[in-house]
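K.L.:
Before we start, here is the structure in question, set down as structure tokens.
In our numbering, the protein residues as written are 532 to 683.
Quick look at the structure:
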């Protein structure tokens, strides 16, 4: 009888452990993003801030797609122009160094990636104005690695 209770307690603990492990995995899953081959990256990427989107899916908005190349310490092109309401997709290519692409006003950011890797972000240009995009690695922004997005 005593052995039966011990076996039941062990089974309950195993089931509880599996349940907790499975829920922990779901909580720690990263946001959907396209960032190249992250498995080979020697450093941990900076986390994308809470509330930021790496990608969205919208079907009824005109799509404006850009390829932005980053290198030490600039973006090419460093100016982008879209219309309010456009779905904007930015494919970020890292041509040299360790960089990311961030656009705080639209809450989008790629992970930090190394030379040869790419990342993409998409968002709806839902407000007009001029907005700065930049690299958040170290002092890259202060060293001129930034550009402007104009929404008409």
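The beta-carbon is built from N, C-alpha and C at its ideal position, and this holds for glycine as well.
1. Could you name each continuous alpha helix (DSSP H) segment of 4 residues or more that falls completely within the stretch 584-649, going from the start of the chain to the end?
2. When the Cβ atoms of the stretch 638-652 are set against those of the stretch 605-612, are three or more pairs found closer than 8 Å?
3. Is residue 668 helix, strand or coil by DSSP?
4. Quick one: what's got a C-beta closer than 6 Å to residue 621's C-beta in the same chain, skipping five residues either side?
5. For residue 604, collect the residues of the same chain with a Cβ closer than 7 Å to its Cβ; drop the 5 residues on either side in sequence, then sort them by chain order.
6. Less than 9 Å separating the beta-carbons of residue 668 and residue 615?
7. With DSSP as the reference, please indicate the residues paired to residue 678 in a beta bridge.
8. What residue from 657, 666 and 543 has the CA that sits closest to residue 629's CA?
9. If you count every other CB in all the chains shown that lies within 10 Å of the CB of residue 639, and 16 or more means buried, which is it?
10. How many angstroms separate the CA atom of residue 655 from the CA atom of residue 594?
11. How many Å lie between residue 636 and residue 679 at the Cα?
P.N.:
With the structure as the only source:
1. none
2. no
3. coil
4. 597, 599 and 652
5. 671, 674, 675 and 676
6. no
7. 664
8. 666
9. buried
10. 9 Å
11. 11 Å
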